[in-house]
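Notes for the one structure printed next.
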Amino acid sequence: MLQHRLSTAETMILPVIGALSLLAAWQWLVPALGVPAYIVPTPAAVLRTFATEWRFLLQNAVPTWLEAVLGFLLGNAFAVLMAIVFVYSRRFRAAYFPVVLLFNTIPVLALAPIIILIFGLGMLPKVIIAALLCFFPTLVNMARGLQLATVNELELMHVLSASHWETFWRLRAPRSIPLLFASLRISATTCIIGAIVGEWIGSNQGLGAVIIQSTFNYQAEKLFAAVLLASLSGITFFTVVTQIEQIFHRLLPQGN
Amino acid sequence: MGGTLAIKAEGLSLGYAGSGKPVRVLSDVDLTVEKGEFLTILGPSGCGKSTFLRAVADLLPPIAGHLWVLGKAVSEARQRREVAFVFQEPTLLPWRTARQNIALPLQVGKGSVSRSVNPRTDHWLDLVGLSQLGDRYPHQLSGGQRQRVSIARALQCEPDVLLMDEPFGALDEITRDRLNDELLAIWRETRTTVLFVTHSISEAIYLGGRVLVLAANPGRVQALIDLASLKDDNGAPRREGPDVQETAAKLRQLLRVGGA
Numbered sequence: 001m002l003q004h005r006l007s008t009a010e011t012m013i014l015p016v017i018g019a020l021s022l023l024a025a026w027q028w029l030v031p032a033l034g035v036p037a038y039i040v041p042t043p044a045a046v047l048r049t050f051a052t053e054w055r056f057l058l059q060n061a062v063p064t065w066l067e068a069v070l071g072f073l074l075g076n077a078f079a080v081l082m083a084i085v086f087v088y089s090r091r092f093r094a095a096y097f098p099v100v101l102l103f104n105t106i107p108v109l110a111l112a113p114i115i116i117l118i119f120g121l122g123m124l125p126k127v128i129i130a131a132l133l134c135f136f137p138t139l140v141n142m143a144r145g146l147q148l149a150t151v152n153e154l155e156l157m158h159v160l161s162a163s164h165w166e167t168f169w170r171l172r173a174p175r176s177i178p179l180l181f182a183s184l185r186i187s188a189t190t191c192i193i194g195a196i197v198g199e200w201i202g203s204n205q206g207l208g209a210v211i212i213q214s215t216f217n218y219q220a221e222k223l224f225a226a227v228l229l230a231s232l233s234g235i236t237f238f239t240v241v242t243q244i245e246q247i248f249h250r251l252l253p254q255g256n
Numbered sequence: 257m258g259g260t261l262a263i264k265a266e267g268l269s270l271g272y273a274g275s276g277k278p279v280r281v282l283s284d285v286d287l288t289v290e291k292g293e294f295l296t297i298l299g300p301s302g303c304g305k306s307t308f309l310r311a312v313a314d315l316l317p318p319i320a321g322h323l324w325v326l327g328k329a330v331s332e333a334r335q336r337r338e339v340a341f342v343f344q345e346p347t348l349l350p351w352r353t354a355r356q357n358i359a360l361p362l363q364v365g366k367g368s369v370s371r372s373v374n375p376r377t378d379h380w381l382d383l384v385g386l387s388q389l390g391d392r393y394p395h396q397l398s399g400g401q402r403q404r405v406s407i408a409r410a411l412q413c414e415p416d417v418l419l420m421d422e423p424f425g426a427l428d429e430i431t432r433d434r435l436n437d438e439l440l441a442i443w444r445e446t447r448t449t450v451l452f453v454t455h456s457i458s459e460a461i462y463l464g465g466r467v468l469v470l471a472a473n474p475g476r477v478q479a480l481i482d483l484a485s486l487k488d489d490n491g492a493p494r495r496e497g498p499d500v501q502e503t504a505a506k507l508r509q510l511l512r513v514g515g516a
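Here it is as structure tokens:
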């Protein structure tokens with residue numbers, strides 16, 4: 001059967017209708033099924049909590065944002081540096097890439113207590129957990145991206161007697177940009193996960209701490225508000241990275 | 257190694273070092289090419305015609321024998337920007353406009369370039385007939401236009417030896433004929449030495465002052481044929497004529513024998 005395309009208005013409005021319908025169902029179903037408000041609050045109650053507790057929520061969001069952003073920068077910077085070393089030293093790559101991949105199979109939830117144990121209860125362990133989550137996808141993507149230059153392109157650089165540095169800067173780096181941003185987009189949301197997981201295990205501030213404390217205290221409205229704020233933070237980070245990617249795409253179009 | 261020789265090969269053997277015994281692609285080539293000559297290289301697939309070009313460009317070290325470019329080692333000629341290469345694929349960087357692609361040779365290898373390179377990017381753009389399209393990106397150009405940009409980028413090096421590896425192989429016949437004429441015009445203006453690999457007999461005859469015919473299995477030189485008699489008095493080449501037909505038939509026969 002031939003399916004006709006949706007109009008632009010439809011593609012804009014339908015997702016909003018979808019979300020609103022689910023919220024309405026939730027608002028109606030929770031009391032109708034007799035679920036107590038301290039287990040699952042209604043959307044309206046969560047919204048009300050945002051209005052009354054915004055100062056408290058913001059106070060706790062700021063450290064989470066800070067840990068996430070620092071972890072994002074730290075993890076991705078290390079990943080890019082290591083990918084560059086991998087590209088230029090096959091021996092180093094052969095020696096350490098398998099170890100790094102093996103390390104990546106350790107679940108972050110299992111790793112987090114060890115990092116808290118080593119680095120204490122401050123902000124640093126949360127930054128490190130966020131950085132670790134950003135590190136692996138970017139390392140793998142960047143290592144691949146830096147190898148994307150074709151044999152012909154590398155031979156062209158050789159015939160032009162380009163130095164290693166010039167070949168890297170004029171050819172390998174621009175070639176790797178699309179793959180780098182693919183992993184930066186992933187990192188934009190995982191860095192918040194990392195920060196929150198760190199806060200679960202040992203912190204009295206941050207969105208992760210709010211989530212744990214309000215769960216234990218049956219403060220469901222606060223819990224849902226914190227979860228929603230974490231999700232909104234992820235969307236915001238993602239949008240910022242996408243906007244930066246757009247700028248790069250205009251500067252370095254990759255053809256088709 | 258006289259001062260007028262562009263290329264000199266003595267007992268040159270080329271191949272690829274595999275795991276164990278190197279795979280020989282081309283054996284015992286003895287060849288001299290004068291400065292300013294247009295030599296076409298014709299042969300069946302697997303005869304090593306591209307391999308020979310790659311050796312001249314210092315992309316492949318010889319297994320045996322000697323190879324000089326302008327009386328120097330190939331690596332030295334490359335570092336002095338005396339050799340430029342046009343690949344079968346245009347090999348343009350997609351994030352650079354046509355003009356920026358042509359400027360690439362000015363931005364890399366500066367440390368090893370001993371002589372000054374003239375930054376005449378717009379001149380080269382003009383010479384290949386793309387003065388209006390300099391700000392276009394490669395994906396906004398046709399196949400023929402992309403290959404023109406790639407030729408202009410090679411000319412930017414102002415090479416003494418221009419190596420072309422089936423540059424028009426992927427283009428349609430009409431575009432190819434036009435680019436053949438443009439290339440000859442550029443060659444007459446720059447007087448650079450051209451080594452042009454092709455698998456088209458008519459292209460080899462039309463462009464070349466001489467044609468080097470290679471045979472496959474094993475790759476070797478089969479014949480070196482002078483085409484001077486096929487040019488007009490003013491040096492212009494012809495596509496038609498009984499002598500052209502005769503030479504084409506002779507080359508076809510050589511290729512048939514050499515491809516076996």
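These protein sequence lines are chains A and B, in that order. All residue numbers for the first sequence refer to the working numbering, where the first residue is 1 and numbers rise by one. All residue numbers for the second sequence refer to the working numbering, where the first residue is 257 and numbers rise by one. Note that CB positions come from ideal geometry on N, CA and C, so glycine has one too. Please read all numbers here as calculations on a predicted model, not as lab measurements.
- Can you list, in chain order, the residues of the segment 374-393 of chain B whose Cβ is nearer than 7 angstroms to any Cβ on chain A? Tyr393
- Counting contacts by CB-CB distance shorter than 9 angstroms, is Ser273 (chain A) in contact with chain B? Look at the range of chain A in this structure, 1 to 256, and you will see that residue 273 (chain A) is not part of it.
- Is the Cβ-Cβ distance between Leu133 (chain A) and Gly202 (chain A) less than 9 angstroms? no
- Task: Quick one: residues in its chain with C-beta nearer than 7 angstroms to the C-beta of Arg144 (chain A), no 5 flanking neighbours on either side, listed in chain order?
- Result: Leu179
- Message: Between Asp482 (chain B) and chain A, is any beta-carbon pair separated by less than 9 angstroms?
- Response: no
- Item | Rounded straight-line distance, which links the Cα of Leu109 (chain A) to that of Ala195 (chain A) | 12 angstroms
- Cα-Cα separation, Val289 (chain B) to Ala426 (chain B): 27 angstroms
- Message: Alpha carbons only, please: which of A:Gln147, A:Ser187 and A:Leu124 is nearest the one belonging to Thr138 (chain A)?
- Response: A:Ser187
- Message: Rounded to whole angstroms, what is the Cα-Cα separation between Ile442 (chain B) and Thr105 (chain A)?
- Response: 60 angstroms
- Per-residue contacts from Gln356 (chain B) into chain A (C-beta, under 9 angstroms): Near Gln356 (chain B) there are no residues of chain A at all, since even the closest Cβ is about 10 angstroms away, more than 9 angstroms.
- Query: Of the choices B:Thr347, B:Thr446 and B:His395, whose alpha-carbon is the least far from that of Val151 (chain A)?
  - Reply: B:Thr347
- Item | Alpha-carbon to alpha-carbon, Asn357 (chain B) and Thr503 (chain B) | 39 angstroms
- Item | Other residues of its chain near Thr307 (chain B): CB distance less than 7 angstroms, five sequence neighbours each side excluded | Leu270, Val281, Leu282 and Leu316
- Between the CA atoms of Tyr272 (chain B) and Asp378 (chain B) - distance to the nearest angstrom: 39 angstroms
- Task: For Val312 (chain B), collect the residues of the same chain with a Cβ closer than 8 angstroms to its Cβ; drop the 5 residues on either side in sequence, then sort them by chain order.
- Result: Ile263, Leu323, Val325, Val330, Val339, Val417, Leu419 and Leu451
- Query: Just how far apart, CA to CA, sit Ser161 (chain A) and Phe168 (chain A)?
  - Reply: 13 angstroms
- Query: At a Cβ cut of 8 angstroms, what residues of the segment 403-434 of chain B count as close to chain A, listed as they run along the chain?
  - Reply: Cys413
- Message: Which of the three DSSP states is assigned to Tyr272 (chain B) in this structure?
- Response: strand
- Could you tell me the distance, in whole angstroms, from the CA atom of Leu389 (chain B) to the CA atom of Leu360 (chain B)? 17 angstroms
- Contact check, Ala130 (chain A) vs Gly71 (chain A), beta carbons under 9 angstroms: yes
- Message: Check for me: the alpha helix (DSSP H) holding Phe119 (chain A) runs from which residue to which?
- Response: Val108 to Phe119
- Query: Which residues, in order along the segment 333-363 of chain B, keep a beta-carbon less than 8 angstroms from a beta-carbon of chain A?
  - Reply: Arg334, Gln335, Arg337, Val339, Ala340, Phe341, Phe343, Glu345, Thr347, Leu349, Pro350, Trp351, Leu360, Pro361 and Gln363
- Item | Beta-carbon proximity of Glu266 (chain B) to Gly321 (chain B), cut-off 9 angstroms | yes
- Task: Compare the C-beta of Leu315 (chain B) against all C-beta atoms of chain A and say whether one is closer than 9 angstroms.
- Result: yes
- Query: When the Cα atoms are used, what is the spatial distance from Ala51 (chain A) to Ala225 (chain A)?
  - Reply: 10 angstroms
- Item | Cβ shell of Ala230 (chain A) (< 7 angstroms), same chain only, five flanking positions each side left out | Ile192, Ile196 and Leu207
- Could you spell out where the alpha helix (DSSP H) holding Phe341 (chain B) opens and where it closes? No alpha helix (DSSP H) holds Phe341 (chain B); the beta strand (DSSP E) holding it covers Val339 to Val342.
- In angstroms with no decimal places, state the Cα-to-Cα distance between Gln27 (chain A) and Pro43 (chain A). 6 angstroms
- Message: Closest to Gln403 (chain B) by C-alpha separation, out of B:Gly276, B:Arg337 and B:Glu345, would be which residue?
- Response: B:Glu345
- Three-way DSSP call (helix, strand, coil) for Asp421 (chain B) in this model: strand
- Item | CB-CB length for Val159 (chain A) against Arg409 (chain B), believed under 8 angstroms | 11 angstroms between Cβ atoms; not a contact.
- Residue-chain proximity (His158 (chain A), chain B), Cβ-Cβ < 9 angstroms: yes
- Message: Just to confirm the assignment, what range does the beta strand (DSSP E) spanning Gly321 (chain B) have?
- Response: Ala320 to Val325
- Simplified DSSP state of Gln335 (chain B), which is helix, strand or coil: helix
- Anyone know if the C-beta pair for Phe119 (chain A) and Arg185 (chain A) falls short of 9 angstroms? no
- Identified DSSP bridge partners for Val453 (chain B): B:Ile297 and B:Asp421
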